[in-house]
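Novice: When we follow numbering that gives the first Met the number 0, the leftmost residue of the sequence shown carries the number 0, and every step to the right adds one.
Here a beta-carbon is modelled for each residue, glycine too, at the ideal position from N, C-alpha and C.
Please read through the structure below; I'll follow up with questions.
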Amino acid sequence: MYKIKQQPEDFIVKEIPLAIATTKPESGPYLYFKLKKRNWNTLDAIKGIAFQLHCKLNKIGFAGSKDRQAVTEQLISIIGRSKEQVLKIKTPGISLEYSHSGKEPFTLGSHAGNKFEIIIRNLDEDNINNNKLEEINKTHYCENYFDEQRFSTNNVNIGRFIVKKKFKQAVELIDQQKVKDYLKLKQNDAIGAMRLLPVRLLRMYVNSYQSYLWNETVKRYLEQFKVVKKIDYSLGELIFISKEDQNKMIDLQIPLIGFDSEKLELKIEPKYELIKTIIKQIMKEEELYYRDFIIKQIPPISLEGELRPVFIEVKAFEISEIENDELNEDKKKVKVSFSLGKGSYATMVIRRVVSEGL
Numbered sequence: 000m001y002k003i004k005q006q007p008e009d010f011i012v013k014e015i016p017l018a019i020a021t022t023k024p025e026s027g028p029y030l031y032f033k034l035k036k037r038n039w040n041t042l043d044a045i046k047g048i049a050f051q052l053h054c055k056l057n058k059i060g061f062a063g064s065k066d067r068q069a070v071t072e073q074l075i076s077i078i079g080r081s082k083e084q085v086l087k088i089k090t091p092g093i094s095l096e097y098s099h100s101g102k103e104p105f106t107l108g109s110h111a112g113n114k115f116e117i118i119i120r121n122l123d124e125d126n127i128n129n130n131k132l133e134e135i136n137k138t139h140y141c142e143n144y145f146d147e148q149r150f151s152t153n154n155v156n157i158g159r160f161i162v163k164k165k166f167k168q169a170v171e172l173i174d175q176q177k178v179k180d181y182l183k184l185k186q187n188d189a190i191g192a193m194r195l196l197p198v199r200l201l202r203m204y205v206n207s208y209q210s211y212l213w214n215e216t217v218k219r220y221l222e223q224f225k226v227v228k229k230i231d232y233s234l235g236e237l238i239f240i241s242k243e244d245q246n247k248m249i250d251l252q253i254p255l256i257g258f259d260s261e262k263l264e265l266k267i268e269p270k271y272e273l274i275k276t277i278i279k280q281i282m283k284e285e286e287l288y289y290r291d292f293i294i295k296q297i298p299p300i301s302l303e304g305e306l307r308p309v310f311i312e313v314k315a316f317e318i319s320e321i322e323n324d325e326l327n328e329d330k331k332k333v334k335v336s337f338s339l340g341k342g343s344y345a346t347m348v349i350r351r352v353v354s355e356g357l
């Protein structure tokens, strides 16, 4: 079985900012810093920075959430603190470098994508199909599934309970001490306990459930085509199809289910009518309605849904020559590099590459 992320340096991510983020205006209230981190996920790094600056989390903005077990670079915005205060922060595995100031904060999704350099390890030389290396180098598209990083242990179930307004069951799964302390005092106020948590975190739970539903829709739709690989993951199965079938529907988009999904369904072309049937079947199984994604108790985490491309373009894909793997005896490694648009998972590209011949 191949391995990635055996050490943080095996997985390097550099966020691609929008052009406006790299334009240097004369002045602005937001200070932009390049955050470099190792063995930190983005949200925990931001929490640590906020703690040292004695400021609220919402004073620090970032565009994309990056993995813990990686070496990553991204821009963040900070308001209400001086450059000197920020640069005094000392945390192992985190460094901050001042870039410039601007008039807008970074918000989730306000970036163009990410560049990746990933080492795939523990490859068995006998199983490497060298004849396919050149073909793999022509990788242009990949199934755009959400990968494990999106889901964690209980995120989908927490999101499911929130959407179904089963708040008591949701908080029982949330491992946050302040939530537990609050419920000791007010055991029947699950909504009050949830309101103690950052909106970002609560939205993440609902997003996780939404993402699981999308993965399942895509998987069931792609089953009708030529399958080149089936892979189990924590929530079911992922299906990869032939490049020939990919090319027949490269522009296909499937809705992320939300309260406005009926309008999104109108944008599905008649030739993809089966997608609507699959969505309705999944919703029946989940005992779910579109309007369930309106969460009046905590309005900022209501989700209207959106269209998401089924296939993502993999840009500037390159794969190195096979080398000896110094971390795994008698095994081989290769390095791959490529860029993806925002919201897509490099680990899914690796799954696709391995299925094609490594």
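1. Is the beta carbon of S100 sitting closer than 7 Å to the one on K33?
2. Within this structure, are the beta carbons of Q5 and L326 separated by less than 7 Å?
3. Assuming S338 contacts N143 (C-beta within less than 8 Å), just tell me the rounded distance between them.
4. In or out: V226 buried (at least 16 other Cβ within 10 Å) or exposed?
5. Please name the residue in L86, S301, T41 and S76 whose C-alpha comes closest to that of V198.
6. Please classify G60 as buried or exposed, where buried requires at least 16 other C-beta atoms within 10 Å of its C-beta.
7. Report, in whole angstroms, the separation of the C-beta atoms of L221 and I238, which I expect to be a contact under 8 Å.
8. In the DSSP assignment, find the beta strand (DSSP E) that holds S338 and state where it starts and stops.
9. Could you please give the first and the last residue of the uninterrupted alpha helix (DSSP H) stretch that includes R219?
10. Just to confirm, are T71 and K46 a CB contact at a threshold of 7 Å?
11. Relative to the C-alpha of C54, which candidate in Q68, I78 and E305 has its C-alpha closest?
12. Could you tell me the alpha carbon to alpha carbon distance between L107 and V352, rounded to whole angstroms?
13. Indicate whether the contact test is met: 3 or more Cβ pairs, each with one atom in the segment 188–207 and one in the segment 148–163, closer than 8 Å.
14. Does DSSP put Q6 in a helix, a strand or coil?
15. Using three-state DSSP, classify P91 as helix, strand or coil.
16. Using alpha carbons as the reference points, say which of A69, P104 and S81 lies closest to G92.
17. Considering only their Cβ atoms, is the gap separating E124 from S336 smaller than 7 Å?
18. Which residue marks the beginning of the alpha helix (DSSP H) containing G191, and which one marks its end?
19. In terms of residue numbering, what span does the alpha helix (DSSP H) encompassing V358 cover?
20. Under 7 Å, do F150 and N214 count as touching if we go by C-beta distance?
21. Per DSSP, S76 forms a beta bridge with which residues?
22. Is S241 buried or exposed, if buried means 16 or more other CB atoms sit within 10 Å of its CB?
23. Under 7 Å, do D9 and I118 count as touching if we go by C-beta distance?
24. I'd like to know whether the C-beta atoms of F258 and F224 end up nearer to each other than 7 Å.
25. Starting from Y232, trace the beta strand (DSSP E) both ways and give me its first and last residue.
26. Check each candidate in F310, I311 and I294 and name the one with the smallest Cα separation from E303.
27. Can you pull the DSSP bridge partners for L255?
28. Could you please give the first and the last residue of the uninterrupted beta strand (DSSP E) stretch that includes F160?
29. At what residues does the beta strand (DSSP E) containing G47 begin and finish?
30. DSSP on I293, reduced to helix/strand/coil?
31. If I318 sits next to S343, beta carbons under 8 Å apart, how far is it from one beta carbon to the other, in whole angstroms?
32. Rounded to a whole number of angstroms, what is the C-alpha to C-alpha distance between A189 and S109?
33. Between the beta-carbon of Y29 and the beta-carbon of S76, is there less than 7 Å?
34. Quick one: what does DSSP say T138 is sitting in, helix, strand or coil?
35. Is P254 closer than 7 Å to L263 when the C-beta atoms are compared?
36. Please find out if some non-hydrogen atom of the ligand ADP comes closer than 6 Å to the beta-carbon of P197.
Specialist: Once the coordinates are examined:
1. Sequence index remark: in the sequence shown, residue 100 carries index 101 (1-based). Sequence index remark: in the sequence shown, residue 33 carries index 34 (1-based). Contact: no.
2. Here residue 5 corresponds to residue number 6 of the sequence shown, with the count starting at 1. Here residue 326 corresponds to residue number 327 of the sequence shown, with the count starting at 1. Yes, the pair counts as a contact, with Cβ atoms nearer than the cut-off.
3. Here residue 338 refers to the residue found at position 339 of the sequence shown. Here residue 143 refers to the residue found at position 144 of the sequence shown. Actually they do not touch by this definition, with Cβ atoms about 14 Å apart.
4. Position 227 of the sequence shown, counted from the start, is the residue given in the question as residue 226. V226 is exposed by the Cβ-count criterion.
5. Within the sequence shown, residue 198 is the residue found at index 199, counting from 1. The shortest Cα separation from V198 among L86, S301, T41 and S76 belongs to S301.
6. Translated into the one-based positions of the sequence shown, residue 60 becomes position 61. With 16 or more Cβ atoms within 10 Å of its Cβ, G60 is classed as buried.
7. Reading the sequence shown from its first residue, position 222 is the one you call residue 221. Reading the sequence shown from its first residue, position 239 is the one you call residue 238. Going by Cβ atoms, the distance from L221 to I238 rounds to 5 Å, so yes, they are a contact pair.
8. The residue given as residue 338 occupies position 339 in the sequence shown. Here the beta strand (DSSP E) through S338 covers K331 to G340.
9. Mapped onto the sequence shown, residue 219 falls at position 220. V198 to L221 is the extent of the alpha helix (DSSP H) around R219.
10. To locate residue 71, count along the sequence shown from 1; it is residue 72. To locate residue 46, count along the sequence shown from 1; it is residue 47. One thing to note: T71 has its Cβ no nearer than 7 Å to the Cβ of K46.
11. Locating residue 54 in the sequence shown gives position 55, where the first residue counts as 1. Out of Q68, I78 and E305, I78 has the C-alpha closest to the C-alpha of C54.
12. Within the sequence shown, numbered from 1, the residue matching residue 107 stands at position 108. Within the sequence shown, numbered from 1, the residue matching residue 352 stands at position 353. Computed Cα separation, rounded: 28 Å.
13. yes
14. Here residue 6 refers to the residue found at position 7 when the sequence shown is read from its first residue. Three-state result, Q6: coil.
15. Reading the sequence shown from its first residue, position 92 is the one you call residue 91. Coil.
16. Within the sequence shown, the letter at position 93 stands for residue 92. Nearest of A69, P104 and S81 to G92, Cα basis: A69.
17. Along the sequence shown, read from residue 1 onward, the residue named residue 336 stands at position 337. Along the sequence shown, read from residue 1 onward, the residue named residue 124 stands at position 125. Not a contact, by the Cβ cut-off of 7 Å.
18. By one-based count along the sequence shown, residue 191 stands at place 192. Its alpha helix (DSSP H) spans residues A189 to M193.
19. Here the chain comprises residues numbered 0 to 357, so residue 358 is not present and cannot be evaluated.
20. One-based indexing of the sequence shown puts residue 150 at position 151. One-based indexing of the sequence shown puts residue 214 at position 215. Not closer than 7 Å, so no.
21. Here residue 76 refers to the residue found at position 77 of the sequence shown. DSSP, once it has assigned bridges, lists Y31 and G60 as partnering S76.
22. As a first step, residue 241 is located in the sequence shown; it is residue number 242 there, counting from the start. Exposed, since its Cβ has fewer than 16 Cβ neighbours within 10 Å.
23. Position 10 of the sequence shown, counted from the first residue, corresponds to residue 9. Position 119 of the sequence shown, counted from the first residue, corresponds to residue 118. Yes; because the gap between Cβ atoms is below 7 Å, this pair is in contact.
24. As a position in the sequence shown, residue 258 is number 259, starting the count at 1. As a position in the sequence shown, residue 224 is number 225, starting the count at 1. Taking 7 Å as the Cβ cut-off, F258 and F224 do not qualify as a contacting pair.
25. Indexing the sequence shown from 1 puts residue 232 at position 233. Counting along the chain, the unbroken beta strand (DSSP E) around Y232 starts and ends at V226 to Y232.
26. The count along the sequence shown starts at 1 and reaches residue 303 at position 304. For the residues F310, I311 and I294, the minimum Cα distance to E303 belongs to I294.
27. Along the sequence shown, read from residue 1 onward, the residue named residue 255 stands at position 256. BP columns for L255 point to E305.
28. Numbered from its first residue, the sequence shown carries residue 160 at position 161. For F160, there is no enclosing beta strand (DSSP E); the enclosing alpha helix (DSSP H) covers residues N154 to V162.
29. Residue 47 sits at position 48 when you count from the first residue of the sequence shown. No beta strand (DSSP E) contains G47, which is instead part of the alpha helix (DSSP H) from T41 to L52.
30. On the sequence shown, position 294 is the one that residue 293 refers to. Three-state result, I293: coil.
31. Here residue 318 corresponds to residue number 319 of the sequence shown, with the count starting at 1. Here residue 343 corresponds to residue number 344 of the sequence shown, with the count starting at 1. Contact doesn't hold; Cβ gap of about 18 Å is too wide.
32. Here residue 189 refers to the residue found at position 190 of the sequence shown. Here residue 109 refers to the residue found at position 110 of the sequence shown. So the alpha carbons of these two residues sit roughly 32 Å apart.
33. On the sequence shown, position 30 is the one that residue 29 refers to. On the sequence shown, position 77 is the one that residue 76 refers to. Yes, Cβ-Cβ distance for Y29 and S76 is below 7 Å.
34. Position 139 of the sequence shown, counted from the first residue, corresponds to residue 138. If DSSP states are grouped into helix, strand and coil, T138 belongs with coil.
35. Taking the sequence shown and counting its residues from 1, the one referred to as residue 263 is at position 264. Taking the sequence shown and counting its residues from 1, the one referred to as residue 254 is at position 255. Yes, the pair counts as a contact, with Cβ atoms nearer than the cut-off.
36. In the structure on display, the ligand ADP does not appear, and there are no ligands present to speak of.
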